[in-house]
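Enquirer: Supplied in structure tokens, the structure appears directly below.
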Amino acid sequence: MTFQLDLPGDLQERLRFEAERRGEPAEAVALRVLDAHLPPRPDARRAAAIAMLDRWREEDTAANEADSRQAEDFFHGLDAARTSNRPLFPPELEGISW
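Residues 10 to 107, numbered by our numbering, are exactly what the sequence shown covers, in order.
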């Protein structure tokens with residue numbers, strides 16, 4: 010696609026300076042700047058959002074497993090510290106009474 014822009018003098022000078030600094034044509038520098046600052050296509054944004062949600066789900070699953078192990082260790086520790094032989098938190102009642 011061909012696109013013609015009338016740039017203000019200051020912006021045109023900045024573009025020319027950056028192109029010379031990089032040793033590239035001004036068109037290539039302008040394309041790079043536009044590509045870096047324009048939002049991605051909706052399909053790409055959707056894919057990025059789905060990937061982020063998948064990562065969050067995996068992190069939540071790992072955190073829930075760790076929390077479950079900590080809770081189990083906590084309740085077993087309470088039972089082990091009791092002087093009574095009757096456990097407060099028997100494994101067969103997990104999810105029912107505690």
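Using N, Cα and C, we set each Cβ at its ideal position, and we do this for glycine too.
#1: Residues in the same chain with beta-carbon distance under 8 Å from L87, minus the five sequence neighbours each way, listed in chain order, please.
#2: Once you ignore the five residues that flank A28 on each side, which residues in its own chain have a CB closer than 8 Å to its CB?
#3: Please specify which runs of the beta strand (DSSP E), each continuous and at least 3 residues long, are wholly inside the stretch 42 to 70, giving them in chain order.
#4: Taking P48 and R55 to be in contact with their CB atoms under 8 Å, please state how far apart those CB atoms are, rounded to whole angstroms.
#5: Using the three-state DSSP reduction, which class does Q21 fall into: helix, strand or coil?
#6: Going by CA-CA distance only, name the one from S93, E103, R91 that's closest to E81.
Expert: A quick look at the data gives this:
#1: L97, F98
#2: P34, A35, A37, V38
#3: none
#4: At roughly 12 Å, the Cβ-Cβ gap does not stay under 8 Å, so P48 and R55 are not in contact.
#5: helix
#6: E103
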